[in-house]
Amino acid sequence: QVQLVQSGAEVRKPGSSVKVSCSASGGDFSNFVIGWMRQAPDEEPEWMGGIIPLLGVTNYAQSLQGRVTISADRSTSTSYMELRSLTSEDTAVYYCAKQGSAGAFDIWGQGTMVTVSS
Amino acid sequence: DIQMTQSPPSLSASVGDRVTITCQASQDINNYLNWYQQKPGKAPKLLIFDAANLETGVPSRFSGIGSGTHFTLTISSLQPEDIATYYCQQYDSLRYTFGQGTKLEIK
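Put into structure tokens, the structure is as follows:
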């Protein structure tokens, strides 16, 4: 079955950037829709954006437009999320997920903790 | 963006109780409403998609109903392993938003 495995925890200083990876196995990555969410402590998940690897088409949350880039490498079945100009408010667990029916995210990665601190 | 209002924020119930969580959308989202269960330190897990469809492998005590702007998730007989936070999530026009969550505890 499909599995998504994310890269490890990161610590960054304010103003820097971070790039998180999400490697897929067990399915046809090119035909997936991959979404990226983040979840600050004790908050609900926030959708950040997504990509259709087959088409290279991306879609971003308006609140993060210009600071986030989502990409995909079909040769390695890996999606990436890069977030720039980090502040303490970007401290969160970042998740990738595969989209299924009705815009539901049916398979999730294990999450990557990103801490922004001086 | 469409806002999702989930209630109650927290809920305490006994094993065997029937539990209902509601989610209200700020505008009509048809049936594009999904429910997730999240346990501490884990990723959300999809329970119900398209308002009323049970995800494969999810126990049948979970059910969902609703359309338009009003949706509910019901656990017919609460089990100890159901202790978690539950989120609704909508999908409309390539935008996705989650409700604020309902933290479910055992009484």
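Respectively, the protein sequence lines represent chains A and B. Just so we're aligned: the first sequence equals residues 9 to 126 in my numbering. Just so we're aligned: the second sequence equals residues 8 to 114 in my numbering. C-beta atoms are modelled at their ideal positions from N, C-alpha and C, and glycine is treated no differently. It should be emphasised that the depicted structure is a prediction, and the values quoted were computed from it without experimental measurement.
Check, Outcome
"Three-state secondary structure (DSSP) of A/S24", "coil"
"Boundaries (first-last residue) of the beta strand (DSSP E) holding A/W59", "Correcting the residue type first, residue 59 of chain A is Ile in the shown sequence and not Trp. Where A/I59 is concerned, the enclosing beta strand (DSSP E) stretches over E54 to I60."
"Pairwise C-alpha distance: B/N38 and B/S78", "In the sequence on display, residue 78 of chain B carries Phe and not Ser. Answer to the nearest angstrom: the Cα atoms are 9 Å apart."
"C-beta neighbour in chain A for B/G93, strict 8 Å", "According to the sequence shown, residue 93 of chain B is Tyr rather than Gly. So no, B/Y93 is outside the interface."
"Span separating the alpha-carbon of B/Y93 from that of A/D36", "30 Å"
"Chain-ordered residues of the region 93-114 of chain B with a beta carbon less than 9 Å from chain A", "Y94, Q96, Q97, Y98, D99, L101, R102, Y103, T104, F105, G106, Q107 and G108"
"Whole-angstrom distance between A/S79 and B/V65, CA atom to CA atom", "32 Å"
"B/C30 and B/Q10 closer than 8 Å at C-beta", "no"
"Closest by C-alpha distance to A/G117, when choosing among B/G48, B/G23, B/R68 and B/Q86", "B/G48"
"Helix, strand or coil at B/D8 according to DSSP, with G and I counted as helix", "coil"
"The region 118-125 of chain A in contact with the region 94-109 of chain A per 3-pair CB rule at 8 Å", "yes"
"Nonlocal neighbours in the same chain, by C-beta distance under 8 Å from A/R82, ignoring five residues either side", "F37, S38, P61 and L62"
"Neighbourhood of A/Q47 by C-beta, 6 Å cutoff - its chain only, sequence neighbours within 5 removed", "P53, A100 and V101"
"Cβ of A/A110 within 8 Å of any chain B Cβ", "yes"
"For B/A20 and A/R92, the rounded distance between their alpha carbons", "43 Å"
"Start-to-end residues for the beta strand (DSSP E) that takes in A/I78", "V76 to D81"
"In DSSP terms, what A/F37 is bridged to", "In the DSSP output, where bridge partners are listed per residue, A/F37 has none listed."
"Alpha-carbon to alpha-carbon, B/Q45 and B/A91", "6 Å"
"Beta-carbon proximity check, B/K110 vs B/S33, cutoff 8 Å", "no"
"Neighbouring residues, chain B, relative to A/D114 (Cβ below 8 Å)", "L53, F56 and E62"
"Own chain residues within Cβ distance below 6 Å of A/V19, not counting five before or after", "T123"
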